[in-house]
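J.: So that we are looking at the same thing, I have put the structure below in structure tokens.
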Amino acid sequence: MSAPSTPGGAGVAITARDLTKVYRKYLHKNQFTTLKSAIVSGSLIRDLSPSELFTALDHVSFDIPRGCTYGILGENGSGKSTTLKLLSGITKPSSGSLDVSGRVSALIELGAGFHPEISGRENVAINGVMLGVSRAEVMRRFDEIVEFAEMKDFIDAPVKTYSSGMYARLGFAVAIHVDPDILLIDEVLSVGDEAFTRKCLEKIGEFRRRGKTIVIVTHSLGLVEKMCDEALWLRKGKTMDSGDPKRVVDAYLSFVAAQENELLGKKTQIEVAQSEARGTSDAPEEKRRWGSGEMLLTDVRLKDEGGRTAHVFVPGDTLRIEITGEAKTPVLDFVFGLGIFTAGGTAVYGTNTHIEEYKSKRAEGVFSVMIEIQDLRLVEGSYLLDVAVHRKDGTPYDYHRGLYALRVRSRVKDVGVYRPHHKWTFSEALQIDEPPERHELELRPTDRVDRREGADSMETLHNDRASFRALGKSVVFTNGCFDILHAGHVSLLERASAEGDVLVVAINSDASVKRLKGESRPVISEAERAEALLALECVDRVLIYDEDTPLECIRALRPDVLVKGADWALDNIVGRDDVEKLGGRVVRVDLWPDRSTTGLIKKAESRAHAVPK
Ligand SMILES: Nc1ncnc2c1ncn2[C@@H]1O[C@H](COP(=O)(O)OP(=O)(O)OP(=O)(O)O)[C@@H](O)[C@H]1O
Ligand SMILES: [Mg+2]
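Here the sequence shown is numbered in the numbering used here, starting from 407 and rising by one per residue.
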């Protein structure tokens, strides 16, 4: 995240503070609600009950430096277009403040600002003037505009006869030829064909080089990573994350993956429950489960390397399929089988214990089987798993068809089903740039990142943050040296953990403690301090930071609650602004009197000196 510059300062093109937009909700009982009828009924927004209002944007704050390309991303209905409409002045904020300095040109809704009955030529003139350029100036650039839009043959036709692509072309051509300082672009670009979209992106690139400010709304995450200097992720009108585009896109993707994980988990539960309700005996073709039932598979779980239930994976991950079952009476002939299919039904892989020459001897009572697939080599997509136990001759005891969903997500958009390990090499005659060094999406903590003993890396925690959010878990953050853990610390941490669901404790690294507290500190090494903290029931995650303040951690983690001891004056609490800006709380808890590390060390030192040598 770039350092927030002074609102409205020379370096800032757009400053938004607590920007909020509330709309009237269209409820069934008042389906004929128009502005006119609202005015007639005299019931404008201020008279409406909260249930009749919808907050499309909720206390969103950001600074967009001059010359910055700023990406806004988020699910449908998250408030992206509303933000652009506010920035362009098409609509006014319900509350909060907005400072936009410079001439603005906006491409928000297809044909917005175009009059359908009149020709493209006349619309260009009107639009140009509306964007603050003199008619003469528009006419001087008219040929350029028409040429850029490639609309020579249609420019004199009424705009209502245009295709949506032609609308986008003319709208974009006008927007960029009025030489704005700030260009606002909504998702409309995507209606243009491949060639035109590329042309627009080149033009945007040119604008960037000319130091123009660009705010672009897009669902193309690759575009955000490639073209934007900063990004804002909105969800239900609220800021979920902002800052480095790659990090924000990762967080968004992890969040979506975590949601998918939960959704697929629920879907699987429902389908398994339904299949159980239907029982196993009927004709197989329309059933998802059938078999004679001497052996039953009572539970099938997909798990990740860490043993957590998971349905979303990335290529290279380890997938574990844990099967639990029961054989009420002894069974001698049994084979366990697994089948992986694409959502479209294409068989991806299938095997069973008979094919792999395991010889069944006897099964009786409750049993469990685990299949571990290391280094999953599937491309991005949805897959379904068949799991079964049957006789050698194939007669099923219990066959589960496509009841378990698996989703593979990847940064690489290769096609097909199987992703073999591979490497490109190019002869000297070919000049080609290597792709950027990037790990696959981080859906869960893995061994990819070097981690200090017991503590998490910022990257891991940051990715988990999205999962916490997806699960509606609030994150509490506190920090300190925690050198020689004492009762005062424990009481502070217990009260901190009561403020939310996940308590993250950030501790100064040994080097940072030495800088802050002197060469003789810390008494206890960072690894041992982390271990001691993690042994506490109330502590969920520990982070070690090298900086002298936890500001970077707080900015990356965006906790819902920041807890500090009451010995900290509110104004001195590092990260307070950042937490409150994102709607979080700062809580100060009273300290347990006469319990301080320094005090303890002094006591220990004085005792050491008191003992006769
Ligand atoms: N004029 C309006 N009156 C009432 N509700 C509105 C109005 N405009 C937008 N909304 C609501 O505000 C929310 C945000 O809409 P917005 O157009 O900003 O979403 P978006 O992020 O651009 O979505 P998409 O990706 O689908 O374009 C939506 O729930 C939408 O229904
Ligand atoms: Mg939109």
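The C-beta atom is built at its ideal place from N, Cα and C for all residues, glycine as well. As the structure is a computational prediction, the values presented were derived from the model and not from experiment.
Specify which residues have a beta carbon nearer than 5 Å to any heavy atom of ligand 1, listing them in chain order.
T.: Tyr429, Ala462, Asn482, Gly483, Ser484, Gly485, Lys486, Ser487, Thr488
J.: Within its chain, find whatever has a CB closer than 8 Å to the CB of Gly787; leave out the 5 residues flanking it on each side and keep chain order.
T.: Taking the sequence shown and counting its residues from 1, one reaches residue 787 at position 381. These residues qualify, in order along the chain: Thr748, Ala749, Arg813, Val814, Val823.
J.: Whose C-beta lies closer than 6 Å to the C-beta of Thr440 among residues of the same chain, with five residues either side of it excluded?
T.: As a position in the sequence shown, residue 440 is number 34, starting the count at 1. Legend: pLDDT at Thr440 = 48, less than 50; position of this residue unreliable, value from coordinates given subsequently. For Thr440, where only same-chain residues beyond five positions count, there are no Cβ hits under 6 Å.
J.: Residues in the same chain with beta-carbon distance under 8 Å from Gly611, minus the five sequence neighbours each way, listed in chain order, please.
T.: In the sequence shown, the residue the question calls residue 611 occupies position 205. Only Met633 meet the Cβ criterion.
J.: Sorted by chain position, which residues of the same chain lie with C-beta nearer than 6 Å to Ile591's C-beta, five sequence neighbours on each side aside?
T.: Counted from its first residue, the sequence shown places residue 591 at position 185. Excluding sequence neighbours, Ile591 sits near Leu513, Ile622.
J.: Determine the burial state of Met776: buried for a count of at least 16 other Cβ atoms within 10 Å of its Cβ, exposed for fewer.
T.: Here residue 776 is taken as the residue at index 370 of the sequence shown, counted from 1. That one is exposed.
J.: Determine the extent of the beta strand (DSSP E) in which Lys970 is found, giving its start and end residues.
T.: Along the sequence shown, read from residue 1 onward, the residue named residue 970 stands at position 564. Counting along the chain, the beta strand (DSSP E) containing Lys970 begins and ends at 967 to 971.
J.: Where does Lys1008 land, buried or exposed, given buried means 16+ other C-beta within 10 angstroms?
T.: Translated into positions along the sequence shown, residue 1008 becomes position 602. Exposed: under 16 other Cβ atoms inside 10 Å.
J.: Where are the alpha helix (DSSP H) runs, 4 residues long or more, that stay fully inside the segment 539 to 624, in chain order?
T.: 541 to 555, 570 to 583, 600 to 615
J.: Quick one: what's Leu640 bridged to in DSSP?
T.: Start at 1 with the first residue of the sequence shown, and residue 640 comes out as number 234. Bridge partners of Leu640: Thr645.
J.: Does DSSP classify Gly502 as helix, strand or coil?
T.: Within the sequence shown, residue 502 is the residue found at index 96, counting from 1. Three-state DSSP puts Gly502 in a strand.
J.: How about the segment 492 to 510 and the segment 567 to 577: do they share at least three Cβ pairs that are nearer than 8 Å?
T.: No, the segment 492 to 510 is not in contact with the segment 567 to 577.
J.: Excluding five sequence neighbours on each side, which residues of the same chain lie with their C-beta closer than 6 Å to the C-beta of Tyr476?
T.: Along the sequence shown, one-based indexing puts residue 476 at 70. For Tyr476, where only same-chain residues beyond five positions count, the Cβ hits under 6 Å are Ile470, Val621, Glu636.
J.: Which parts of the segment 913 to 970 are runs of the beta strand (DSSP E), unbroken and 3 residues or longer, counting only runs that do not cross its ends?
T.: 947 to 951
J.: Given a cut-off of 7 Å on the beta-carbon distance, is the pair His717 and Leu782 in contact?
T.: Here residue 717 refers to the residue found at position 311 when the sequence shown is read from its first residue. Here residue 782 refers to the residue found at position 376 when the sequence shown is read from its first residue. Their beta carbons are not under 7 Å apart, which means His717 does not touch Leu782 by this criterion.
J.: What first and last residue would you give for the alpha helix (DSSP H) that runs through Thr489?
T.: The residue you call residue 489 lines up with position 83 of the sequence shown. Thr489 -> alpha helix (DSSP H) spans 486 to 494.
J.: From the DSSP secondary-structure annotation, give me the bridge partner or partners of Arg707.
T.: Along the sequence shown, read from residue 1 onward, the residue named residue 707 stands at position 301. DSSP output for Arg707 lists Glu728 as bridge partner(s).
J.: On a CA-only basis, which of Thr1004, Glu631, Asp739 is nearest Pro842? Give me that one, please.
T.: Locating residue 842 in the sequence shown gives position 436, where the first residue counts as 1. Comparing Cα-Cα distances from Pro842 to each of Thr1004, Glu631, Asp739, the minimum goes to Glu631.
J.: In three-state terms, what does DSSP make of Asn978?
T.: Here residue 978 corresponds to residue number 572 of the sequence shown, with the count starting at 1. Residue state, collapsed to three classes: helix.
J.: How far does the alpha helix (DSSP H) with His895 in it extend, from its first residue to its last?
T.: Against the sequence shown, residue 895 aligns to sequence position 489. Note, His895: alpha helix (DSSP H), 893 to 903.
J.: Express the C-alpha separation of Leu479 and Lys486 in angstroms, rounding to a whole number.
T.: Locating residue 486 in the sequence shown gives position 80, counting from the first residue. Locating residue 479 in the sequence shown gives position 73, counting from the first residue. Rounded to whole angstroms, Lys486 to Leu479 spans 7 Å at the Cα level.
J.: Among Ser903, Gly538, Leu459, which one has its Cα closest to the Cα of Asp585?
T.: The residue labelled residue 585 in the question sits at position 179 within the sequence shown. That would be Gly538, whose Cα lies nearest to the Cα of Asp585.
J.: Please report the straight-line C-alpha distance between Leu459 and Lys427, rounded to a whole angstrom.
T.: Residue 459 sits at position 53 when you count from the first residue of the sequence shown. Residue 427 sits at position 21 when you count from the first residue of the sequence shown. Across the structure, Leu459 and Lys427 are spaced so that their CA atoms are roughly 10 Å apart.
J.: Closest by CA to Leu997, which one among Glu943, Leu898, Glu905, Ala1010?
T.: Here residue 997 is taken as the residue at index 591 of the sequence shown, counted from 1. Among Glu943, Leu898, Glu905, Ala1010, the Cα nearest to that of Leu997 is on Leu898.
J.: For Lys652, which residues from the same chain have a beta carbon less than 6 Å from its beta carbon, with the 5 sequence-adjacent residues on both sides left out?
T.: Counting from 1 along the sequence shown, the entry for residue 652 is found at position 246. Around Lys652: Glu631.
J.: I need the DSSP call for Ser788, collapsed to helix, strand or coil.
T.: Along the sequence shown, one-based indexing puts residue 788 at 382. Shown here, Ser788 sits in a strand according to DSSP, grouped into three states.
J.: Flag this pair as touching only if the segment 926 to 936 and the segment 899 to 910 have three or more C-beta atom pairs under 8 Å; answer yes or no.
T.: no
J.: Please classify Ala794: does DSSP put it in a helix, a strand, or coil?
T.: To locate residue 794, count along the sequence shown from 1; it is residue 388. Strand.
J.: Rounded to the nearest angstrom, what separates Leu963 and Val969 at their Cα positions?
T.: Here the question's residue 963 lines up with position 557 in the sequence shown. Here the question's residue 969 lines up with position 563 in the sequence shown. Cα-Cα distance, rounded: 14 Å.
J.: Going by the DSSP bridge assignment, what does Glu778 pair with across the sheet?
T.: Numbered from its first residue, the sequence shown carries residue 778 at position 372. Paired residue(s): Arg726.
J.: Within a Cβ cutoff of 8 Å, which residues of the same chain sit near Ser648, ignoring the five residues on either side of it in sequence?
T.: Within the sequence shown, the letter at position 242 stands for residue 648. Excluding sequence neighbours, Ser648 sits near Met407, Phe468, Glu636, Ala637, Leu638, Trp639, Val654.
J.: Leu812: beta carbon under 6 Å from a heavy atom of ligand 4?
T.: By its list of ligands, the structure shown excludes ligand 4, since it contains just ligand 1 and ligand 2.
J.: Looking at the strands, I want to know which residues DSSP matches up with Gly771.
T.: Residue numbering aside, residue 771 sits at position 365 when the sequence shown is read from its first letter. According to DSSP, which records beta bridges pairwise, Gly771 is partnered with Ala733.
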